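Note sheet for the following structure.
Here's what the structure looks like:
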């Protein structure tokens, strides 16, 4: 699929990217290259192949899902601009 300069201009506008007029031909060429690659990927037969999240087989470490206070609330609240009674204090936003 080939992208023309008008389409590249419209894509840049929709993406809110300012592209100079003399850079539009290069952008159109690059977008065309991306679409060509995507067309090549669509031709690959993936029947029977499981989706994966990584190129190497990995298993995430599991931990017990339990609620804790973090074991060091004083250190956490030390970074707060305003802390009261062990909690972050924030300005009132609803009256």
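Residue numbers (the UniProt record's numbering): 1 to 95.
In this text, a Cβ means the ideal position worked out from N, Cα and C, and glycines have one as well.
Quantities reported herein were computed from a predicted structural model and do not represent experimental measurements.
Residue i vs residue j beta-carbon contact at 9 Å
i	j	result
residue 4	residue 28	yes
residue 80	residue 88	yes
residue 36	residue 58	no
Residue i in three-state terms, based on DSSP
i	result
residue 83	strand
residue 71	coil
residue 18	coil
residue 60	coil
residue 23	helix
residue 48	coil
residue 53	coil
Residues that residue i bridges to, as DSSP identifies them
i	result
residue 88	83
Presumed contact (8 Å Cβ cut-off) between residue i and residue j, rounded CB distance
i	j	result
residue 31	residue 15	Not a contact, Cβ separation roughly 11 Å.
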